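In the numbering used here, the protein residues as written are -3 to 169.
All residues carry an ideal CB built from backbone N, CA and C; glycine is no exception.
These numbers come from a predicted model, not from an experiment.
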């Protein structure tokens, strides 16, 4: 899929980015065309994606549409947990989910870590630091995209999701 200047995409763990330019650059003596991405919520950052690299370009995804956002939120209560007891396996699986950027998998991951965090709190414990980091990164990736699509601030996404779920539950009764 080809992208154009001013397209807004999701790019891996960099999240929601605008393509600000497509131009030829030279890195390491090799000249090639690059997508120049600027993260929407971090204007100081710049990401260079080689146009001719299918593996890296496949990480650039079009934004969800509003209907897809609504469906993703509405499916939250039914999402299964992906908790893995083995810490090493859990770290590998969760890192793969973050790198892939599949929104359904991110939602499952966020829900799983949220529920595990609540369980830990009830037991007077905290979420493991590595799990906290994954939880934060997954939320940031998803919340940045949803905020852009919904035209709200990223910090308002959590409240938006809660309200939508409450409204959905009320109408289902």
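When the Cα of residue i is compared with those of the options, which residue comes out closest?
i           : options         : result
residue 50  : -2, 2, 63       : -2
residue 6   : 18, 25, 33      : 33
residue 19  : 13, 4, 9, 0     : 0
residue 111 : 127, 97, 96, 98 : 127
Can you give the Cα-Cα distance for residue i and residue j, rounded to whole angstroms?
i           : j           : result
residue 82  : residue 88  : 10 Å
residue 120 : residue 94  : 28 Å
residue 103 : residue 11  : 15 Å
residue 80  : residue 86  : 5 Å
residue 59  : residue 144 : 9 Å
residue 154 : residue 114 : 16 Å
residue 142 : residue 109 : 19 Å
Among all the DSSP beta bridges, which residues are the ones paired with residue i?
i          : result
residue 56 : 7
residue 12 : 6
residue -1 : Looking at the DSSP assignment, residue -1 forms no beta bridge with any residue, so it has no partner.
residue 23 : 26
Leaving out five residues on either side along the sequence, give the residues of the same chain with a beta carbon under 7 Å from the beta carbon of residue i.
i           : result
residue 160 : 69
Kindly list the residues whose CB is nearer than 8 Å to the CB of residue i, restricted to its own chain and excluding five residues on each side of it in sequence; keep chain order.
i          : result
residue 72 : 103, 107, 157, 161
Looking at the ligand HEM, does it come within less than 6 Å of residue i, judged from the CB to the closest heavy atom?
i           : result
residue 156 : Judged by which ligands are present, the structure shown has none, so any question about the ligand HEM falls away.
Using a Cβ-Cβ cut-off of 6 Å (strictly less than) and excluding sequence neighbours within five positions of residue i, which residues of its own chain qualify?
i          : result
residue 41 : 35
Residue range of the beta strand (DSSP E) that residue i falls in?
i          : result
residue 43 : 43 to 46
At what residues does the alpha helix (DSSP H) containing residue i begin and finish?
i          : result
residue 70 : 62 to 70
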